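Student: Numbering (the numbering used here), first residue to last: 8 to 455. Heads up, the beta-carbon is just placed ideally off N, CA and C, and yes, glycines get one too. Just so we're clear, the structure is a prediction, and the values are computed from it rather than from any experiment.
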Ligand code: 5AD
Ligand code: SF4
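Laid out in structure tokens, this is it:
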């Protein structure tokens with residue numbers, strides 16, 4: 008075991024992946040090195056998620072497993088970062104004796120101090136939330152690659168009644184536009200070809216009078232051969248200006264993740280989602296007019312308190328009306344401290360499961376039909392590397408975030424934009440053949 012060697016595992020959302028890069032940026036700046044071999048590390052960190060109970064159970068199981076490592080290697084410091092650190096604080100240290108460090112999402116800057124406390128034999132605990140911390144000046148630790156995440160705002164002020172995020176990540180605050188643009192410039196110089204701007208609710212971004220549409224436009228012009236993606240949007244705040252900005256800039260991807268959560272206005276109100284299904288469907292229609300070919304994905308929860316069979320049918324209805332390209336679908340999980348926690352979790356487990364399965368089956372058939380309709384069309388993809396299944400095939404993604412597999416070819420490498428013809432499709436993947444390689448500067452001319 009080397010000293011000052013960190014091993015980190017990341018769970019949960021893309022925000023956590025971006026935070027892990029921040030944490031590693033902070034620690035490598037203090038002389039730590041990064042290892043992907045746990046037995047070689049004297050600092051073992053888990054960056055955790057609290058959004059559903061099963062996410063937390065996964066971490067508890069992992070901690071039980073780490074007990075063995077701690078026994079063999081009592082000098083190792085074990086730390087919990089992220090939302091669970093914030094939510095469970097001291098109880099983690101008291102119940103799980105092997106945990107030495109607990110640091111929440113707004114205290115990463117001081118992580119080196121908390122590690123020093125742990126090396127000294129005490130527990131290092133930092134769980135204060137901040138109204139201002141955006142880690143604006145921290146350079147994240149990024150391995151070379153094609154896709155980078157940049158968190159542009161932190162926290163959430165929406166307080167959906169099911170969601171623990173406003174409690175674990177605190178109030179909304181935005182990072183400066185200039186520093187985001189500078190970071191895109193820097194990663195463009197390193198050969199990255201795609202940037203995803205992240206926030207719990209990116210549409211609330213505000214910096215010095217610049218809103219999220221301004222940020223997207225400023226990001227898009229840094230390097231026209233870099234694709235700009237973003238997530239997550241709240242249906243209440245998605246402005247016309249944003250839609251026009253997406254339409255106007257060819258390198259802003261025509262793909263919007265727009266969580267609907269439920270198709271029932273009654274349930275949406277109980278969830279404090281602050282929009283109606285009519286507003287939501289209007290928004291989708293408007294987006295499709297302004298951005299031809301735009302694709303949508305969503306999040307759906309089954310079995311929220313009081314959800315009736317009729318409410319569930321309304322959710323299936325809205326899925327059929329929108330015809331999402333993809334969806335993340337979950338069973339409702341009560342989270343202590345949230346408003347919904349005080350409502351009775353009255354939909355029986357087997358009903359939640361049955362409804363969730365119906366939602367998943369419907370989404371599969373919609374995705375399959377949408378993908379079948381792509382057969383015979385031409386698409387431009389960004390080649391990301393070999394396909395997961397075979398190095399005889401390459402994998403890339405369309406502007407609309409669909410995975411396309413094509414046969415390997417000597418003239419194509421990762422990071423190339425290529426035009427492909429789609430000749431087969433499943434519900435999850437498109438298969439195609441090479442038509443021609445595109446020049447990077449032609450991205451704007453051809454993806455319109
Ligand atoms: N139970 C189930 N799903 C949840 N989500 C957030 N909180 C809960 C919960 N308590 C889902 C929402 C959100 C996504 C990130 O996770 O659909 O959009
Ligand atoms: Fe949670 Fe709602 Fe905020 Fe999303 S918008 S992070 S679901 S509170």
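#1: Should residue 241 be listed as close to the ligand SF4, given that the test is whether its C-beta is under 6 angstroms from any heavy atom?
#2: Look at the Cβ atom of residue 241, then the Cβ atom of residue 289, and state whether they are nearer than 7 angstroms.
#3: Report whether the distance from the Cβ of residue 244 to the nearest heavy atom of the ligand 5AD is below 6 angstroms.
#4: Grouping DSSP H, G and I as helix and E and B as strand, with all else coil, what is residue 386?
#5: Please state whether DSSP places residue 135 in a helix, a strand or coil.
#6: Tell me the DSSP bridge mates of residue 428?
#7: Is DSSP giving residue 180 helix, strand or coil here?
#8: Are the beta-carbon atoms of residue 100 and residue 50 separated by less than 7 angstroms?
#9: Determine whether the beta carbon atoms of residue 232 and residue 212 lie at a separation below 7 angstroms.
#10: Considering Cα atoms alone, identify which of 122, 331, 47 is closest to residue 368.
#11: What residues in its chain sit with their C-beta under 7 angstroms from that of residue 436, if we drop five residues either side in the sequence?
#12: I'd like to check one pair, residue 89 with residue 55: are the Cβ atoms closer than 7 angstroms?
#13: By a C-beta neighbour count over all protein chains shown, 10 Å radius and 16 as the cutoff for buried, is residue 454 buried or exposed?
#14: Is the closest heavy atom of the ligand SF4 to the C-beta of residue 312 under 6 angstroms?
#15: Using only alpha-carbon positions, find the residue among 414, 433, 432 that is nearest to residue 442.
#16: Let me check you understand the geometry: is the CB of residue 287 closer than 6 angstroms to at least one non-hydrogen atom of the ligand 5AD?
#17: In the DSSP assignment, the alpha helix (DSSP H) including residue 318 goes from what residue to what residue?
#18: Just the Cα atoms here: how many angstroms apart are residue 133 and residue 121?
#19: Buried or exposed for residue 219, going by 16 or more other Cβ atoms inside 10 Å?
#20: Between the Cα of residue 386 and those of 350, 354, 427, spot the shortest distance and give me the residue it belongs to.
#21: Using a Cβ-Cβ cut-off of 6 angstroms (strictly less than) and excluding sequence neighbours within five positions of residue 194, which residues of its own chain qualify?
#22: Which residue from 170, 68, 399 puts its Cα closest to that of residue 348?
#23: Using the C-alpha atoms, what's the distance from residue 186 back to residue 440?
#24: Can you find at least 3 beta carbon pairs, one from the stretch 319-334 and one from the stretch 259-274, that sit closer than 8 angstroms?
#25: Is it buried or exposed, residue 216, if we count other Cβ atoms within 10 angstroms and call 16 or more buried?
#26: Would you grab the beta carbon distance between residue 311 and residue 278 for me? Rounded to a whole angstrom, and I think it's under 8 angstroms.
#27: Quick one: residues in its chain with C-beta nearer than 6 angstroms to the C-beta of residue 282, no 5 flanking neighbours on either side, listed in chain order?
#28: Excluding the five sequence neighbours on either side, which residues of its own chain have a C-beta within less than 6 angstroms of the C-beta of residue 223, listed in chain order?
#29: Given residue 20, which residues of its chain have a CB within under 6 angstroms of its CB, disregarding the five upstream and five downstream residues?
#30: For the ligand SF4, any of its heavy atoms closer than 6 angstroms to the Cβ of residue 427?
#31: Considering only heavy atoms of the ligand SF4, list every residue whose Cβ is less than 6 angstroms from one of them, following chain order.
#32: Let me make sure I understand the geometry here. Which of 177, 159, 205 has the alpha-carbon closest to that of residue 137?
#33: Could you spell out where the alpha helix (DSSP H) holding residue 124 opens and where it closes?
#34: Quick one: Cα of residue 299 to Cα of residue 407, how far?
#35: Taking 6 angstroms as the cut-off, is the beta-carbon of residue 58 closer than that to any non-hydrogen atom of the ligand 5AD?
Tutor: Taking the geometry as given:
#1: Taking the chain shown and counting its residues from 1, the one referred to as residue 241 is at position 234. Under cutoff, so the answer is yes.
#2: In the chain shown, the residue the question calls residue 241 occupies position 234. In the chain shown, the residue the question calls residue 289 occupies position 282. Residue 241 places its beta carbon 7 angstroms or farther from that of residue 289.
#3: To locate residue 244, count along the chain shown from 1; it is residue 237. For the ligand 5AD, not one heavy atom lies less than 6 angstroms from the Cβ of residue 244.
#4: What you label residue 386 is simply residue 379 of the chain shown in a count that begins at 1. In this structure, residue 386 counts as strand in the three-state DSSP scheme.
#5: By one-based count along the chain shown, residue 135 stands at place 128. In the three-state scheme derived from DSSP, where H, G and I count as helix and E and B as strand, residue 135 is classed as coil.
#6: Taking the first residue of the chain shown as position 1, residue 428 is located at position 421. Residue 428 pairs with 385, 440.
#7: Here the question's residue 180 lines up with position 173 in the chain shown. In the three-state reduction of the DSSP assignment, residue 180 falls in the strand class.
#8: Taking the first residue of the chain shown as 1, we reach residue 100 at position 93. Taking the first residue of the chain shown as 1, we reach residue 50 at position 43. No, Cβ-Cβ distance for residue 100 and residue 50 is not below 7 angstroms.
#9: As a first step, residue 232 is located in the chain shown; it is residue number 225 there, counting from the start. As a first step, residue 212 is located in the chain shown; it is residue number 205 there, counting from the start. It is not a contact, given that the beta carbons lie outside the stated cut-off.
#10: The count along the chain shown starts at 1 and reaches residue 368 at position 361. It is 331 whose Cα lies nearest to the Cα of residue 368.
#11: Your numbering for residue 436 matches position 429 in the chain shown. Here the set comprises 410, 412.
#12: By one-based count along the chain shown, residue 55 stands at place 48. By one-based count along the chain shown, residue 89 stands at place 82. One thing to note: residue 55 has its Cβ within 7 angstroms of the Cβ of residue 89.
#13: Here residue 454 refers to the residue found at position 447 of the chain shown. With a pLDDT of only 39 at residue 454, under the threshold of 50, the placement of this residue in the model should not be trusted, and no figure is reported.
#14: Residue 312 sits at position 305 when you count from the first residue of the chain shown. Checking the Cβ of residue 312 against the ligand SF4 gives no.
#15: Residue mapping note: residue 442 aligns to position 435 of the chain shown, counting from 1. Relative to the Cα of residue 442, the nearest Cα in the group 414, 433, 432 belongs to 414.
#16: Along the chain shown, read from residue 1 onward, the residue named residue 287 stands at position 280. Checking the Cβ of residue 287 against the ligand 5AD gives no.
#17: The count along the chain shown starts at 1 and reaches residue 318 at position 311. Start and end: 316-329.
#18: What you label residue 133 is simply residue 126 of the chain shown in a count that begins at 1. What you label residue 121 is simply residue 114 of the chain shown in a count that begins at 1. As the crow flies, the alpha-carbon of residue 133 is around 7 angstroms from that of residue 121.
#19: Within the chain shown, numbered from 1, the residue matching residue 219 stands at position 212. That one is buried.
#20: Residue 386 sits at position 379 when you count from the first residue of the chain shown. When each option's Cα is compared against that of residue 386, the closest is 427.
#21: Translated into positions along the chain shown, residue 194 becomes position 187. Cβ contact annotation for residue 194 (same chain, cutoff 6 angstroms, sequence separation greater than five): 155, in chain order.
#22: On the chain shown, residue 348 is found 341 positions in, with the first residue counted as 1. Among 170, 68, 399, the Cα nearest to that of residue 348 belongs to 170.
#23: Translated into the one-based positions of the chain shown, residue 440 becomes position 433. Translated into the one-based positions of the chain shown, residue 186 becomes position 179. Between residue 440 and residue 186, the C-alpha separation is close to 40 angstroms.
#24: Yes, they touch.
#25: Taking the chain shown and counting its residues from 1, one reaches residue 216 at position 209. Exposed: under 16 other Cβ atoms inside 10 Å.
#26: The residue labelled residue 311 in the question sits at position 304 within the chain shown. The residue labelled residue 278 in the question sits at position 271 within the chain shown. Indeed, because the Cβ distance is near 6 angstroms, the residues count as touching under 8 angstroms.
#27: Taking the first residue of the chain shown as position 1, residue 282 is located at position 275. The residues are 242, 243.
#28: The residue labelled residue 223 in the question sits at position 216 within the chain shown. Result list for residue 223: 252, 259, in chain order.
#29: Numbered from its first residue, the chain shown carries residue 20 at position 13. Close CB contacts of residue 20 within its chain, under the 6 angstroms cut and outside five residues either way in sequence, are absent.
#30: Along the chain shown, read from residue 1 onward, the residue named residue 427 stands at position 420. Checking every heavy atom of the ligand SF4 against the Cβ of residue 427, none is found closer than 6 angstroms.
#31: For the ligand SF4, the selected residues are 163, 165, 166, 167, 170, 172, 173, 207, 208, 241.
#32: Within the chain shown, residue 137 is the residue found at index 130, counting from 1. Across the set 177, 159, 205, the C-alpha of 177 shows the shortest separation from the C-alpha of residue 137.
#33: Stepping through the chain shown from its first residue, residue 124 is reached at position 117. Residue 124 -> alpha helix (DSSP H) spans 118-126.
#34: Within the chain shown, the letter at position 292 stands for residue 299. Within the chain shown, the letter at position 400 stands for residue 407. Across the structure, residue 299 and residue 407 are spaced so that their CA atoms are roughly 11 angstroms apart.
#35: Working through the chain shown from its first residue, we reach residue 58 at position 51. Indeed, a heavy atom of the ligand 5AD lies less than 6 angstroms from the Cβ.
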